[in-house]
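Residue numbers (the numbering used here): 481 to 1187.
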């Protein structure tokens, strides 16, 4: 074969080599490396076949190189789609026990020194090695492994028969054909889907085996015969198509994995809120069509924070997994169990006729969760759960409303003692409506600030406390006790509290500029607000926007809030006092304050709880407690404010106990901003008519005490 006659075939094959090299650079893998190496060896085989030789010895050596390279290329194709590919040890075993004997036999035949005894020795060595290697590689029998072993046995028997006949050229053709047919078989095993790429590659291997074996054995085809090389191109094209198909599949699988991760909880593997809402909307649409009911159950592990704090987060996570498994075991296959928050699960129960069916499911979940304690890393943990139940369409007309109803019922189950299931009720419906209107009020308005005056013992005005009210479209003006717990439960208290803070500070700035009275305003702070890392920044921003003197702003924190985490409270309070605002401990005496901590907190005022003021005049009442609180405050340089003063007798008793400031219905109920303005005008006129008492001035001077 001349160079000119085979140049086109060489260029085509070189192009395929470049393509595989380019693919290998972008996505390196053992399979691609062996495919690339196989095509390089095939190109070497073709070049060795077309080079001109000046002597018989050179021609014989060139033919040996061509056939050896072709056999090594076939072995590379075989390795690429077998389990040998990823193991260097197995690749060495394959080369040593299978490839090397084949190359020895090929070179012996082509060099002319092959004998029957030599050939039988190689065959006797190679056949058991092949069987042992195949078994050790796969260690099981399936269709493809049995096919490979059967093919090897047939090829060995054929070679033995051919050697007996002395037709060594035919033996070389059988070896080449056998390698390519085994490669085709393993290709099908590696890519079991009959795609275009797989069919093209396998068909090409079979055609290549026939043409190459025929040419080597009998020389029936010319070296530049198109049919001899077309099969190779089919194999290369099939491999490229297979790679593209695998890349498409990989992209599809990656998309499915991302979708699964986006829709499932990574800890428990359960659906998350996103997938729950999707399925719930589908089930609600189906329920509207067939007239069925759908139940949503919100389940929460009771006191789970205590489990995390006591045993650690790792054991807490294991408890969550086990609780999820217990819930899943008690549900039907087509019901949905989702983990939607830290320790909260939501169950979607479909195709029910009555609410009692949902209640039975809830009772079963409760019993199963608490019957036996959980076991995690050697720790035995007893847990209970609370469940809220809501039914579509009775308790909500869409997914959001049904879920909110179930969460509201769960909240009531917690309040009523935990380890129980509660169904959504009319009272809960009212709370849910209040929550909905609270959300609307944040957008369109509906909150109002009332102010309760505070007085010195001489009845001069000491300040005002801002009290939030909510005007419900149906229920009218609601006091804080009706809507604050609902707002706290749903996190709405944070934006509501920010609105109240800004409104109170802006109102105080307006009054003080108009009446020149410098009356301070006290604003209540919720636990959720105080716990936010940016709370001090929020207060600073409100002061900057309103322009109020920080010394005229007092933030009231409940004793329970302050003492829940003293160190964190002290840190947050120091950030606030740096702004210049004053801090008051509200409801003092009702919590569990430690006096060893109290003197370390940067507070300015103690507000004595109304429960002590109610009985301050009783013979065996709370007067000694109030006296002790006042004495404690004075020793720490703090001001005292008595809440809930309603009678003249209480006023007299508090004056005798030297309480600094008082507020209550005896003086005034919470009043509107307009009436507060009238009060401030009157206070200003009174202050102008006489010199302000020293007590009034001193009460709001910055407290100086040792840090």
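Each residue gets a CB set at the ideal place from its N, CA and C atoms; glycine is no exception.
Inset, instruction - Could you give the DSSP three-state label for residue 1116: helix, strand or coil? - result: Assignment of residue 1116 by DSSP, reduced to helix, strand and coil, places it in the coil class.
Legend entry - With 16 other Cβ atoms within 10 Å as the buried cut-off, status of residue 714: Label assigned to residue 714: buried.
Legend entry - First through last residue of the beta strand (DSSP E) which encompasses residue 1084: Per DSSP, residue 1084 belongs to no beta strand (DSSP E) and is neither H nor E.
Legend entry - C-alpha gap between residue 842 and residue 891, whole angstroms: Roughly 15 Å separates the two Cα atoms.
Inset, instruction - Spell out a yes or no on whether the segment 962 to 971 and the segment 984 to 1000 are touching, meaning 3 or more CB-CB pairs, one atom from each, closer than 8 Å. - result: Taking a cut-off of 8 Å on C-beta distances, the segment 962 to 971 does not touch the segment 984 to 1000, as fewer than three cross pairs fall below it.
Inset, instruction - Give the secondary structure of residue 957 by DSSP, where H, G and I count as helix, E and B as strand, and everything else as coil. - result: Three-state result, residue 957: strand.
Legend entry - Buried or exposed by the 16-neighbour rule on C-beta atoms within 10 Å, applied to residue 626: With fewer than 16 Cβ atoms within 10 Å of its Cβ, residue 626 is classed as exposed.
Legend entry - residue 919 burial status per 10 Å Cβ neighbour count (16 or more: buried): So residue 919 counts as exposed.
Inset, instruction - Put residue 692 into one of helix, strand or coil per three-state DSSP. - result: The answer is helix: DSSP assigns residue 692 an H, G or I state.
Inset, instruction - Consult DSSP for residue 1124 and reduce its assignment to one of helix, strand or coil. - result: In the three-state DSSP reduction, residue 1124 falls in the coil class, being neither helix nor strand.
Legend entry - Contacting residues, own chain, Cβ-Cβ under 8 Å from residue 979 (five flanking each side not counted): Correct list, in chain order: 922 and 927.
Inset, instruction - Measure the alpha-carbon distance for residue 984 versus residue 948 and round it to whole angstroms. - result: Those two C-alpha atoms are separated by around 10 Å.
Inset, instruction - Rounded to whole angstroms, what's the CA-CA distance from residue 643 to residue 653? Just pull it up for me. - result: The straight-line gap separating the alpha-carbon atoms of residue 643 and residue 653 is approximately 12 Å.
Legend entry - Alpha-carbon spacing of residue 549 relative to residue 755, whole angstroms: If you draw a straight line from the Cα of residue 549 to the Cα of residue 755, it is about 56 Å long.
Legend entry - Same chain only: Cβ atoms within 6 Å of residue 1007, ignoring 5 sequence neighbours per side: Within the same chain, Cβ atoms closer than 6 Å to the Cβ of residue 1007 are found at 1041, the five residues on either side in sequence being excluded.
Legend entry - residue 1158 to residue 1130 span [Cα, whole Å]: Straight-line measurement puts the Cα of residue 1130 at about 26 Å from the Cα of residue 1158.
Legend entry - Three-way DSSP call (helix, strand, coil) for residue 930 in this model: Assigned with DSSP and collapsed to three states, residue 930 falls in strand.
Legend entry - Same chain only: Cβ atoms within 7 Å of residue 1110, ignoring 5 sequence neighbours per side: Result list for residue 1110: 1120, 1137, 1138 and 1139, in chain order.
Legend entry - For residue 794, the nearest candidate out of 857, 584 and 738 (CA to CA): For residue 794, the nearest C-alpha among the options comes from 857.
Inset, instruction - Could you check if residue 702 is buried or exposed, using at least 16 other CB atoms within 10 Å of its CB as the buried criterion? - result: Unreliable positioning characterises residue 702 in this predicted model, as indicated by a pLDDT of 48, which lies under 50. The coordinate reading is nonetheless provided below. Exposed.
Inset, instruction - Starting from residue 489, follow its DSSP beta bridges and name the residues at the other end. - result: According to DSSP, which records beta bridges pairwise, residue 489 is partnered with nothing at all.
Inset, instruction - Identify, in the order they occur along the chain, each residue of the same chain with its Cβ nearer than 7 Å to the Cβ of residue 815, setting aside the five sequence neighbours on each side. - result: Only residues of its own chain outside the window of five on either side were considered, and among them 827, 828, 829 and 830 have a CB closer than 7 Å to the CB of residue 815, listed in chain order.
Inset, instruction - Go ahead and pull the three-state DSSP assignment for residue 702. - result: With a pLDDT of only 48 at residue 702, under the threshold of 50, the placement of this residue in the model should not be trusted, and no figure is reported.
Inset, instruction - Give the DSSP bridge partners of residue 1037, in chain order. - result: Bridge partners of residue 1037: 1065.
Legend entry - As assigned by DSSP and simplified to three states, the class of residue 868: Of the three classes helix, strand and coil, the one that applies to residue 868 here is strand, per DSSP.
Legend entry - residue 685, buried or exposed, once every other Cβ within 10 Å from all chains shown has been counted against 16: Per the 10 Å Cβ criterion, buried.
Inset, instruction - Using a threshold of 7 Å, state whether the C-beta atoms of residue 682 and residue 664 are closer than that. - result: Cβ atoms of residue 682 and residue 664: closer than 7 Å.
Inset, instruction - May I have a chain-ordered list of the beta strand (DSSP E) segments no shorter than 3 residues that lie completely inside the segment 991 to 1032? - result: Runs of the beta strand (DSSP E) inside the segment 991 to 1032: 1001 to 1004.
Legend entry - Span of the beta strand (DSSP E) around residue 903: If you look at residue 903, you'll find it in the beta strand (DSSP E) that goes 901 to 903.
Inset, instruction - Can you check the segment 760 to 811 for any beta strand (DSSP E) of at least 3 residues that lies completely inside it and give the ranges in chain order? - result: Complete beta strand (DSSP E) runs here, min 3: 773 to 781.
Legend entry - Status (buried if at least 16 other CB within 10 Å, exposed otherwise) for residue 636: Counting Cβ neighbours within 10 Å, residue 636 comes out buried, since at least 16 surround it.
Legend entry - Separation of residue 810 from residue 1034, as counted between CA atoms: If you draw a straight line from the Cα of residue 1034 to the Cα of residue 810, it is about 54 Å long.
Legend entry - Spatial distance of residue 539 from residue 532 (CA atoms): Answer to the nearest angstrom: the Cα atoms are 8 Å apart.
Legend entry - Alpha carbon of residue 953 to alpha carbon of residue 917, nearest angstrom: Going by the C-alpha atoms only, they are around 8 Å apart.
Legend entry - The beta strand (DSSP E) enclosing residue 856, as first and last residue numbers: Unbroken beta strand (DSSP E) run through residue 856: 854 to 856.
Legend entry - CA-to-CA distance, residue 1000 to residue 1017, given in whole angstroms: In a straight line, the C-alpha of residue 1017 is about 21 Å away from that of residue 1000.
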